[in-house]
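Every letter in the sequence shown is one number past the one before it in numbering that gives the first Met the number 0, and letter 413, counting from 1, is 412. Note that the Cβ used here is the ideal one computed from N, Cα and C, for glycine as well.
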Amino acid sequence: MILNLFDRNKAVTEGSPAVLVSVVTDADDSHEAELSLAELRRLCETAGAYPAAEVIQNRHAPDARTVIGSGKLGELSGICRSLGAALVVFDCELTPSQIRNIEDGLGDVSVIDRSMLILDIFALHAVTAEGKLQVELAQLKYTAPRLIGRGSELSRLGGGIGTRGPGESQLETDRRHVQRRIRALSEQLKAIGTGRATVRSARERSGIPRIAIVGYTNAGKSTLLNRLTDAGILAEDKLFATLDPTTRKFSLPDGRDILLTDTVGFIRRLPTHLIKAFSSTLEEAVLCDILLIVADASDPDVESQLEVTASLLGELGAGDKPRLTVYNKCDLLQDGIGGIRNTPGIRDIRDTVFISAETGEGIGELLEALSKLIDAGSREIRFRIPNSEAGLLGQIWGGGKVVSVDYGPEFIDVRAVCDSRLAGRLAKYIYAGRSDEPGDTDEED
0 MILNLFDRNK AVTEGSPAVL VSVVTDADDS HEAELSLAEL RRLCETAGAY
50 PAAEVIQNRH APDARTVIGS GKLGELSGIC RSLGAALVVF DCELTPSQIR
100 NIEDGLGDVS VIDRSMLILD IFALHAVTAE GKLQVELAQL KYTAPRLIGR
150 GSELSRLGGG IGTRGPGESQ LETDRRHVQR RIRALSEQLK AIGTGRATVR
200 SARERSGIPR IAIVGYTNAG KSTLLNRLTD AGILAEDKLF ATLDPTTRKF
250 SLPDGRDILL TDTVGFIRRL PTHLIKAFSS TLEEAVLCDI LLIVADASDP
300 DVESQLEVTA SLLGELGAGD KPRLTVYNKC DLLQDGIGGI RNTPGIRDIR
350 DTVFISAETG EGIGELLEAL SKLIDAGSRE IRFRIPNSEA GLLGQIWGGG
400 KVVSVDYGPE FIDVRAVCDS RLAGRLAKYI YAGRSDEPGD TDEED
């Protein structure tokens with residue numbers, strides 16, 4: 000067993016002391032285990048606790064009863080007593096019986112796993128009604144199969160007189176209550192999702208390109224959206240500072256409008272039940288036109304984080320979306336953006352830009368690259384819009400790149416670079432006449 004101790008005095012000012020436990024088996028990649036434990040440390044700090052020590056246990060396979068084995072559990076108990084730690088966090092998912100067995104061996108110490116810690120942070124940072132509902136749903140779905148032996152803790156969830164069936168135990172009552180609450184939350188989220196779909200349909204009809212800002216947690220996605228749009232959303236140096244999606248309109252330098260949406264960050268081993276609970280939030284990445292993948296260039300593990308992001312996007316069904324990779328926080332590198340292409344591990348490929356959302360450096364190059372990506376697959380089209388439907392010009396201006404506009408007595412002749420989506424929506428107004436004909440012609444289509 001490897002024990003890493005940290006400054007115990009910091010627990011006084013930085014939160015209650017906690018002990019983190021990682022179990023590395025023969026089947027695990029030791030480097031990945033180290034990275035995961037480092038993330039667990041940051042998650043712990045974000046939740047308001049101070050990681051006073053890290054325990055790394057190497058085993059052929061996890062112990063079925065206590066994960067680390069009874070002998071090591073005794074050593075862990077001694078560590079907790081010496082540090083005054085009342086919380087132990089395992090960097091793996093624990094079964095209900097394992098939690099009970101470990102707590103029995105540690106005494107008056109609470110035991111949680113990685114998923115429970117992430118759920119706690121989500122509950123801390125949820126702001127909107129939808130976000131709070133999604134967090135509660137995820138918590139209940141995670142708790143439901145773990146009610147064994149915890150009836151006394153959840154007895155307050157019972158509905159009171161009239162809720163129990165003949166001979167029904169408190170545990171059974173709790174389970175019924177949890178299932179009812181899950182159904183109720185699912186219905187509420189479904190209703191909110193209907194409203195979101197209505198808003199999304201309106202955005203689709205507008206023809207404005209939709210850009211989803213995605214990436215690893217704490218890569219600077221919210222800072223980038225604030226830099227571009229003055230969105231005023233929370234941007235902190237913490238994991239999962241943003242849970243609720245925020246969409247803002249932005250005008251590119253060429254005058255075209257786009258919609259930028261900030262999304263919840265990704266992380267290693269993001270629990271499947273969290274992905275499902277936040278499906279309505281994460282679907283912004285699935286239904287967008289372009290992915291803006293933001294990565295922290297100052298993080299030594301940036302390439303691995305990009306791989307995790309790509310893997311999760313693939314799971315969500317957004318793996319084939321057009322994308323632009325944005326290496327952010329370049330101001331934190333020793334040589335800044337000027338020397339970043341020589342930094343080991345940083346890729347130098349097409350559809351990649353280097354910026355600092357904090358200082359604004361590189362934003363011009365980002366917008367230029369984004370404009371080119373939007374133009375990819377587009378073509379110049381000539382439209383003839385009846386004067387009575389002049390309002391359609393707004394869709395062309397918003398979703399295309401207007402080349403020329405000529406106003407005639409009956410029609411408005413517009414030449415614009417449009418993508419297939421906008422062209423399909425205005426297909427009946429596409430004019431197939433000679434391109435050198437004046438726009439104010441009286442000819443019929």
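Note to self: Buried or exposed for P270, going by 16 or more other Cβ atoms inside 10 Å?
What the structure shows: buried
Next item on the list: Please state whether DSSP places L332 in a helix, a strand or coil.
Entry: coil
Notebook entry, point to check: When you compare only the Cα positions, how much space is there between L446 and T324?
Noted result: The chain is shown from 0 up to 444; residue 446 falls before or after that span and cannot be answered.
Notebook entry, point to check: Would DSSP call T260 helix, strand or coil?
Noted result: strand
Next item on the list: Assign G219 to one of three DSSP states: helix, strand, or coil.
Entry: coil
Next item on the list: Assuming F249 and L227 form a contact by the criterion Cβ under 8 Å, report the distance between their Cβ atoms to the nearest whole angstrom.
Entry: 5 Å
Check: Taking the continuous alpha helix (DSSP H) assigned at E33, which residues delimit it?
Finding: S29 to A46
Check: Does any CB atom of chain C fall closer than 9 Å to the CB of L184?
Finding: The structure shown has no chain C; it contains just one protein chain.
Check: Do you know offhand how far L224's Cα is from R383's?
Finding: 36 Å
Next item on the list: Name, in chain order, the residues that DSSP records as bridge partners for Y49.
Entry: P16
Note to self: Tell me which residue opens and which closes the beta strand (DSSP E) that Y326 is part of.
What the structure shows: R322 to N327
Next item on the list: Consider the C-beta atom of E135 and the heavy atoms of the ligand MG; say whether any pair is separated by less than 8 Å.
Entry: Inclusion of the ligand MG in the displayed structure is not the case, the ligand content being empty and no account of it being possible.
Next item on the list: With a threshold of 16 other CB atoms inside 10 Å of the CB of Y215, please say whether the residue is buried or exposed.
Entry: buried
Checklist line | Under 9 Å between C-beta atoms of L19 and P61 | finding: no
Note to self: Assess contact between the segment 377 to 395 and the segment 352 to 364, defined as three or more Cβ pairs (one per stretch) separated by less than 8 Å. Is contact present?
What the structure shows: no
Notebook entry, point to check: Where does R58 sit, in a helix, a strand or coil, going by DSSP?
Noted result: coil
Item checked: Sheet register partners of P385 (DSSP bridge) -> F410
Item checked: Inter-residue Cα distance where the pair is G194 and K131 -> 17 Å
Checklist line | Buried or exposed by the 16-neighbour rule on C-beta atoms within 10 Å, applied to P408 | finding: exposed
Item checked: Cβ neighbours of A32 in the same chain (closer than 7 Å, five flanking residues each side left out) -> S21 and V23
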